[in-house]
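**Q** Submitted below is the structure of interest, expressed as structure tokens.
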Amino acid sequence: MSGHTPKSRVTLSEPTWVKALIMLAGLGFLGFFILLPLAAVFTEALRRGFGAYAEALVEPDALAAIKLTLLVAVIAVPANVVFGIAAAWAIAKHKFPGKSLLLTLIDLPFSVSPVISGLVYVLLFGAHGLLGPFLREHGVQIVFAVPGLVLATMFITFPFVARELIPLMQAQGVDEEEAAITLGASGWQTFRRVTLPNIRWGLLYGVLLCNARAMGEFGAVSVVSGHIRGETNTMPLHVEILYNEYNFVAAFAVASLLAILALVTLVAKSLLEWRHGAELAATARRH
Amino acid sequence: SGQILNVSYDPTRELYKEFNAAFAKHWKATTGEELEIKVSHGGSGKQARSVIDGLDADVVTLALASDIDAIAENSDLLSKDWQAKLPYNSTPYTSTIVFLVRKGNPKGIKDWDDLVKPGIQVITPNPKTSGGARWNYLAAWGYAADKAGGSDAAGKEFVTKLFKNVPVLDTGARGSTTTFVQRGIGDVLLAWENEAFLAINELGADKLEIVVPSVSILAEPPVAVLDKNVDRKGTRKVAEAYLTYLYTPEGQELAAKHYYRPRLPQLAQKYAHQFPNIKLFDINKFGGWTVAQKTHFADGGVFDEIYKPGQ
Amino acid sequence: MSININNLTKRFGGFAAVDGIDLDIHSGELMALLGPSGSGKTTLLRMIGGLDFADEGTLLIEGEDATIAEPHARRVGFVFQHYALFRHMSVFENVAFGLRVSRRRPKISEAEIRTRVMNLLELVQLAPLSDRYPNQLSGGQRQRVALARALATEPRVLLLDEPFGALDAKVRKELRRWLRDIHKGMGVTTVFVTHDQEEALELADRVAILNKGRIEQVGTPAEVYDNPASAFVCDFLGGGTRLECVVADGAAVIGGARVPVVNDLPPPGPATAYIRAHDIDLAPAGEAGTLPAIIRLIQPVGPQLRLDLDLDGKVVEAVLDRHATPLLLAPGQAVSLRLRRANVYPA
Amino acid sequence: MSININNLTKRFGGFAAVDGIDLDIHSGELMALLGPSGSGKTTLLRMIGGLDFADEGTLLIEGEDATIAEPHARRVGFVFQHYALFRHMSVFENVAFGLRVSRRRPKISEAEIRTRVMNLLELVQLAPLSDRYPNQLSGGQRQRVALARALATEPRVLLLDEPFGALDAKVRKELRRWLRDIHKGMGVTTVFVTHDQEEALELADRVAILNKGRIEQVGTPAEVYDNPASAFVCDFLGGGTRLECVVADGAAVIGGARVPVVNDLPPPGPATAYIRAHDIDLAPAGEAGTLPAIIRLIQPVGPQLRLDLDLDGKVVEAVLDRHATPLLLAPGQAVSLRLRRANVYPA
Amino acid sequence: MTVSSGFSLFRRRNRSIIPGFGLTMGITLTYLTLIVLIPLAALVIRPWEIGLSGFLHQVTEPRVLAALRLSFGAAFVAAAINAVFGLAVAWMLVRYDFWGKRVVDATVDLPFALPTAVAGIALTALYAPNGWIGQFLDPLGIKVAYTPLGVVVALTFIGLPFVVRTVQPVLEELDTELEEAAACLGATRFETFMRVIFPVIFPALLTGFALALARAVGEYGSVIFIAGNMPMVSEIAPLLIVIKLEQFNYAGAASVGIAMLILSFIMLLVINLLQRWSRRWAGV
Ligand SMILES: Nc1ncnc2c1ncn2[C@@H]1O[C@H](COP(=O)(O)OP(=O)(O)OP(=O)(O)O)[C@@H](O)[C@H]1O
Ligand SMILES: Nc1ncnc2c1ncn2[C@@H]1O[C@H](COP(=O)(O)OP(=O)(O)OP(=O)(O)O)[C@@H](O)[C@H]1O
Ligand SMILES: [Mg+2]
Ligand SMILES: [Mg+2]
Ligand SMILES: O=S(=O)([O-])[O-]
């Protein structure tokens, strides 16, 4: 009777068959929806070998698209970082009426179709838009040029950094800031030396996701791009063009570059989580 | 050095790639000026919309006259009589609509009537967004109407049946070709003649073949200079030269090379062997593009009726 | 470094968390703010520290008006209940923080920062742990870092919010003595918040007892314990069993027995008496001037014997010295109670 | 409903958290598992409750082998330190949960559930709050809900892990008495874990003292307090000041003074003596058989007077009754200590 | 005391000790207004030229209604699929140990990062009748690409991380003692899940569902490649906006856009209310 095998925490585990079912459902789901598409991208990209793959990436139009994408990200992401930090500071560290309204407005771009995100700028800055004619008279081109791409990208990625920081900073409370202030630190010193180090991983995570989305946005930039070869085509648009030229290898090669970017982002992110799990755990991780 | 922007539609990518290089060289030789020619491709309607909204094009080379009409109507970029400014209705090359089927023509598709048979899947882009698709639609309509002695009712019935056989509506000609060739969807693709040739060259003569219907439409993709833009940018001279060059033997050779039917008689003759001999009717059968556009493709037009529920 | 608080009031919404408080804290004193949860202790302390600002009233620190001064201008050190240590800084850097951000010119040299921080860490017995990060420390150690950090800027006033609230009983006791020693050694005016009566009585020079945003009594531990100014204070400081009584002839009469009253006698008539467990002696049943009771429960707890006694259906708690209890007691036994003294308040 | 634990062992990795424990818990008894943090109390309790399973040894409940039985089959009620109340259920639903998921057939009727739950809520004095959600309750109230919930399924054994650990001092004291009363009323065998000596001594019928996964001593509160079986137990139960001594002639000699030894005397030679603060009397300086000391600090705490005394550079803590202290004491004063008794263990 | 110091006294008494509110709030509101509010206002006022009746006419066209129904319906189905499988994935990641768990965990975020157009092309390549997966489904008569099912597939892909990432932290924080308590009280594993675990994670699940839904409703890039875009059948609302734009029908495009905004808003409102209700125990 007492020659039993020891078991542990039986109360907290499902029967083996249930466990197997959940694993199967989970892994199968991820396999079908994540692994296979990813595999498809790389298979197609390397269909003609590595030479063709590399060639597709150094082709001048591809390089121009890569440069443009980087340029857009380099402007849009820091702008959203400044905004995100400011918004998180105001919302998480202060009390004011209308806070939940502000939070809703910050989330707004998230529930707006990318097509609409592009459209609003056309309605605003297009030749027949509200401000377009005036700007045109003064020689300012916004849509169908880099500023339009940047604006649409900013709109799309608007909530990312703020959304990452607000719950994190709310969870951290104001104790440390108050402590710093009683010790004589100025507002800037408090931010620089106390708040920023506390949110740095969350911030970096937000920046990575914001950046990935900024580089990968298609719908919104498609509306405001004008598709001028070598000039206003970002990488996702260039993928579409190559695809439409029956140049599938090149299309998937550029796509794979974006996928690699996504993967690097994710690896960086999980490294962060692995090393700074507790700090990041406070974020609700919603995007 | 100068720069001009040509806003064009999807199937002209290959043509203008080569033509631009040739013209830049020509321009350098005649004026000594370096010229950079930018191009933008997309569905014809979308391109027109971008131009209206401020895409800073010098010239447009679109799939059909109504798209340039729309530009004239919705902006002050060029005058309404733009089509009279260049020879041949401002159409330096023409094309037509043919069928692309799978190798060996397994469904035995010969002519328009075969397309409306039950069980046949026809691939065409969406006439709302694609210029090519409008030509497809009108070609089918014209065939059926003619066959019934000029009856519009017959035309409408025919296209209604035809679109019942369409399983996928891509937004542009290129999307449809990909769907048909790469995804293996459908039995027949309605395509620009030049697209059909290109598809065979690019994607495999071993997989596809062209079927030429008994009658088709004379598709006239027009070109125009955007007066307001070129005047503002000071590029009128080069823009006009650019379009005129399309009418030169060099330009016509290139068009023919990319399977557009040249307009210049001597070249048309030279390349006659390349293009099947089809009976072609033109847009005037529909009262010109302005009327055709309004009747068939505008919101609430005939095409929308085809997709009314309960049909 | 004295603090004078005059009619200080703070409202949240319509609710007055601190309601017209007057309080003088003497220079060098160790003052406890004691009160139940929600009585406004934290709010008052934060106003002294400059973390919240009063709606009414004034606050003088060393005679200067500090009502709206910035925390650093007040030169106060604040120790937060949950320490609020900077997680990403080592113990050393935490303590050095106030020196590094100091607005004093010329800047304090790195060498001097080192000396001063290490001296402080010696003081709080954490010098060997100076390279650790807060999450590598126990609760008691964190509390000591927080204290060293607050002391580093040489504050005129040290403020502590429930300094030992998050620690377990044993550590709490150790740190009490340690804080008293530190305070003795440095002599800095210190105010701490607690809701633990024993802690306040053991540690403080004087105790201010708060209730619903107002001060009920201020005095030395002995004063407030021996002579609670109100029923609330008496009850809150472990008043013991509450019994009905009648005040007559300068004493309280409980069930026929006269009990000496230690506090200011209320006017004759019905009143409420509090009898502390230590103020009850047991006598053989039937002795004169005593109350008859029945033993319900006897529990030896360490050096004491705790008894629950049934007095007319009411449970009375008594504590006797285990080694000095001559009677042989057993549950169910009838005994007499002699009440040595009582605190009595108008009913 | 007795529990017999035989050589129970639980390892985590290579480390034995519970290391061959033998323990008999009698039917109807209230047993405390007392020990410092990490001593294996929770692990032992969880094994009794069927939440963890032993690597070695057996566990009998009412004579039946329960070593590997599921929790519900053991019919134990478990009260978790942090209550583990179901946040999304009202107080009523929390208590009713065990009845609703009962595998008994026929199902318990809704009417009966209602009656039983409301009776339990009456018992824990929470009937008026039956519709509240847990986060609308105070800590003490939550703890009582947790207890009612555990009792609802009429367990044979009630297990409580640090039942009052998360409560503040005052509430903790109130709930102690209340738990004792409930236990008396229901008579269910109860085992509770604590690291608070006073709590264990005050509440339990018997106390098991754990150290490093082993049991050091089992006995009634008086037994373990008066006669600690080891230096660990003595120290852990508030052993008082530790002094070096020499055992000779049946007594401990400390600084020339002979001190009676209460526990089993170790062999003659150097040893360690523990003197409790209550076992120190003050005498005028120079009395025979006493130790000279100097008063460092006097602190009246409630009914007591706490003194720190300097005995040859070592701090000795003493507690006197405030009202029974005839000497006029002041810091700095030289006095004599008379040590009334000591616990002595081999050095 | 002078008037001005009296004023500053009043002012400073009400301020917070944490500085920078004015500055950061200023930045926030300015940026929000410039990037989000003004452009959206431009959208909202656009259909004025056609009036309310014109707006209503535009959005009640059968094709518009069909497209809206598809966009919202497919998004709803996709979010529901994600709720079920996302919960399984989150559960697996939190509760089970298996080889490669870290990698699996990381890949969940891929749809956030992968450009939607790339996803659309890749999914089409997979699910077309001659694709890796489609070739097995086609003989069974299951058509994915170029049908509403394809729309659901694409929307499932882009919404996948939301449910996992909102449920996962809640599951992680879920006190195992709750489950032990339930087990002690005699609940089976299934009962424990249904009565103890699920109600606690339900609000988070709902949040994840709402986020996935909101994102999916407006999605364009990944859908147009796989949808087939048949009017009345597989044409999504954002595509209709594009089509209307290409017809130079700005007012119509804006009308559909506004209709989408309004519907999304109502839907999110309902979900929010539902969520609040499901967390009624959390409010004091
Ligand atoms: N920022 C605030 N907003 C609204 N009410 C508040 C705020 N801070 C405190 N209060 C309220 O003021 C009262 C006093 O709070 P305070 O924190 O000073 O109490 P406390 O005595 O420190 O209690 P505790 O012992 O629980 O810490 C409470 O009723 C509290 O709810
Ligand atoms: N699941 C586990 N895995 C590894 N080690 C464990 C586990 N549970 C407990 N331990 C270890 O076993 C020892 C005993 O733990 P246990 O929780 O029983 O102590 P405890 O007496 O209840 O302490 P506390 O008073 O801190 O609750 C500790 O050293 C602990 O670190
Ligand atoms: Mg407080
Ligand atoms: Mg424990
Ligand atoms: O490019 S098209 O307009 O013909 O699709």
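Protein chains in written order, with this note's numbering: chain R, 1106 to 1392; chain Z, 24 to 334; chain H, 2 to 348; chain V, 2 to 348; chain S, 710 to 993. Virtual Cβ for every residue (Gly too), placed ideally from N, Cα, C.
1) Threonine 1370 of chain R to glutamine 70 of chain Z, Cα distance in whole Å?
2) For threonine 1370 of chain R, return the contacting residues in chain S, with the cut-off set at a CB-CB distance below 7 Å.
3) How would you call isoleucine 1365 of chain R, buried or exposed, if buried means at least 16 neighbouring beta carbons within 10 angstroms?
4) Would you mind telling me which residues of chain V sit closer than 8 Å to aspartate 884 of chain S, beta carbon to beta carbon, in chain order?
5) Let's test the definition: count the other Cβ atoms within 10 Å of the Cβ of arginine 145 of chain H and tell me whether it reaches 16, buried, or not, exposed.
6) Could you tell me the alpha carbon to alpha carbon distance between valine 712 of chain S and phenylalanine 730 of chain S, rounded to whole angstroms?
7) Show which residues of chain S have a CB atom less than 8 Å away from the CB atom of leucine 52 of chain H.
8) By how many angstroms is the C-alpha of alanine 1192 of chain R removed from the C-alpha of arginine 36 of chain Z?
9) Going by the C-beta, is lysine 42 of chain V closer than 7 Å to any heavy atom of ligand 4?
10) Let me make sure I understand the geometry here. Which of H/Met48, H/Thr195, H/Leu244 has the alpha-carbon closest to that of leucine 35 of chain H?
11) With DSSP as the reference, label tyrosine 275 of chain H as helix, strand or coil.
12) Using a C-beta cutoff of 8 Å, does proline 285 of chain H count as contacting chain R?
13) Once you ignore the five residues that flank valine 316 of chain H on each side, which residues in its own chain have a CB closer than 6 Å to its CB?
14) Got a sec: which bits of the stretch 107-135 of chain V sit with their beta carbon under 9 Å from any beta carbon on chain S, in order along the chain?
15) Go through the stretch 252-314 of chain Z residue by residue and report every complete run of the beta strand (DSSP E) that reaches 3 residues or more, in order.
16) How long is the line joining the alpha carbons of leucine 168 of chain V and serine 38 of chain H, rounded to whole angstroms?
17) Just to confirm, are proline 1302 of chain R and histidine 89 of chain H a CB contact at a threshold of 8 Å?
18) Hey, would you say isoleucine 744 of chain S sits closer than 8 Å to methionine 1259 of chain R, going by beta carbons?
19) Return the CA-CA distance between proline 1142 of chain R and alanine 1360 of chain R, expressed in angstroms with no decimal places.
20) Verify the CB distance criterion: does aspartate 1280 of chain R have a CB-CB separation below 8 Å to chain H?
21) Under the three-state reduction of DSSP, which class applies to methionine 1259 of chain R: helix, strand or coil?
22) I think leucine 779 of chain S touches isoleucine 945 of chain S, with their Cβ atoms under 8 Å apart; what is that distance to the nearest whole Å?
23) At the level of alpha carbons, what is the spacing between proline 293 of chain V and valine 345 of chain V?
24) Three or more beta-carbon pairs under 8 Å between the stretch 72-84 of chain Z and the stretch 257-268 of chain Z, yes or no?
25) Between which two residues does the alpha helix (DSSP H) harbouring lysine 810 of chain S extend?
26) Quick check: is any heavy atom of ligand 1 less than 7 Å from the C-beta of phenylalanine 730 of chain S?
27) Is the stretch 912-926 of chain S touching the stretch 834-842 of chain S in the sense that three or more CB pairs, one from each, lie closer than 8 Å?
28) Looking at ligand 1, does it come within less than 7 Å of valine 77 of chain H, judged from the CB to the closest heavy atom?
29) Mind checking who cysteine 246 of chain V pairs with in its DSSP beta bridge?
30) Suppose the cutoff is 6 Å on Cβ atoms and the five residues either side in sequence are ignored; what does the same chain contact list for phenylalanine 969 of chain S look like?
31) Between proline 820 of chain S and phenylalanine 785 of chain S, is the Cβ-Cβ spacing less than 8 Å?
32) Taking the C-alpha atoms as reference points, what is the distance between threonine 1110 of chain R and arginine 874 of chain S?
33) Determine which residues of the stretch 262-293 of chain Z have a Cβ less than 8 Å from any Cβ of chain R, and write them out in chain order.
34) Can you pull the chain R neighbours of serine 139 of chain H, defined as C-beta to C-beta under 9 Å?
35) CB-CB under 6 Å to serine 1330 of chain R, same chain, minus the five flanking residues each way: which ones, in chain order?
36) Could you check if histidine 1332 of chain R is buried or exposed, using at least 16 other CB atoms within 10 Å of its CB as the buried criterion?
**A** Quick look at the numbers:
1) Straight-line Cα distance between these residues: approximately 35 Å.
2) Below the 7 Å Cβ cutoff, chain S contributes Ala822 as neighbours of threonine 1370 of chain R, in chain order.
3) Burial call: exposed.
4) Within chain V, the residues whose beta carbon sits less than 8 Å from that of aspartate 884 of chain S are His83, Ala85, listed in sequence order.
5) Classified as buried, arginine 145 of chain H has 16 or more neighbouring CB atoms from the shown chains inside 10 Å of its CB.
6) With a pLDDT of 35 at valine 712 of chain S, under the threshold of 50, the modelled position of this residue cannot be trusted, and the question is left open.
7) Listed along chain S are Ile726, each with a C-beta nearer than 8 Å to that of leucine 52 of chain H.
8) One Cα belongs to arginine 36 of chain Z, the other to alanine 1192 of chain R, and the distance between them is close to 46 Å.
9) Under cutoff, so the answer is yes.
10) When only C-alpha atoms are compared, the closest one is H/Thr195.
11) Three-state result, tyrosine 275 of chain H: strand.
12) For proline 285 of chain H, not one C-beta of chain R is nearer than 8 Å to its own C-beta.
13) Excluding positions up to five away in sequence, the list reads Asp309.
14) From the stretch 107-135 of chain V, only Tyr134, Pro135 have a Cβ closer than 9 Å to chain S.
15) For the stretch 252-314 of chain Z, whole beta strand (DSSP E) runs of length 3 or above, ordered along the chain, are 302-304.
16) Distance between the alpha carbons of leucine 168 of chain V and serine 38 of chain H: 13 Å.
17) With contacts defined by Cβ atoms closer than 8 Å, proline 1302 of chain R and histidine 89 of chain H form a contacting pair.
18) With contacts defined as CB atoms closer than 8 Å, isoleucine 744 of chain S and methionine 1259 of chain R qualify as a contacting pair.
19) Each residue's alpha carbon lies about 11 Å from the other.
20) By this cut-off, aspartate 1280 of chain R is an interface position.
21) Methionine 1259 of chain R falls in the helix class under three-state DSSP.
22) A Cβ-Cβ separation of about 6 Å places leucine 779 of chain S in contact with isoleucine 945 of chain S under the 8 Å criterion.
23) Roughly 21 Å between the two C-alpha positions.
24) In short, these stretches touch, since the Cβ pair count reaches three.
25) Run containing lysine 810 of chain S: 810-816, per the alpha helix (DSSP H) assignment.
26) Not so, every heavy atom of ligand 1 lies at least 7 Å from the Cβ.
27) Below 8 Å, too few C-beta pairs join the stretch 834-842 of chain S and the stretch 912-926 of chain S to call them touching: fewer than three.
28) If you check the C-beta of valine 77 of chain H against ligand 1, you find no heavy atom less than 7 Å away.
29) Looking at the DSSP assignment, cysteine 246 of chain V forms a beta bridge with V/Ala272.
30) The question names phenylalanine, yet the displayed sequence has methionine at residue 969 of chain S. Here methionine 969 of chain S has Ala946 as same chain residues with Cβ atoms under 6 Å from its own Cβ, once five neighbours each way along the sequence are excluded.
31) No. Outside cutoff.
32) Note that threonine 1110 of chain R has pLDDT 39, beneath the 50 cutoff, so the model's placement of it is unreliable and the number below is only indicative. Note on geometry: alpha-carbon atoms of threonine 1110 of chain R and arginine 874 of chain S lie some 38 Å from one another.
33) Nothing from the stretch 262-293 of chain Z brings a Cβ to less than 8 Å from some Cβ of chain R.
34) Residues of chain R passing the Cβ test: none, with the nearest at roughly 18 Å.
35) So the list reads Thr1337, Leu1342, once near-sequence residues are dropped.
36) Its Cβ being crowded by 16 or more others within 10 Å, histidine 1332 of chain R is buried.
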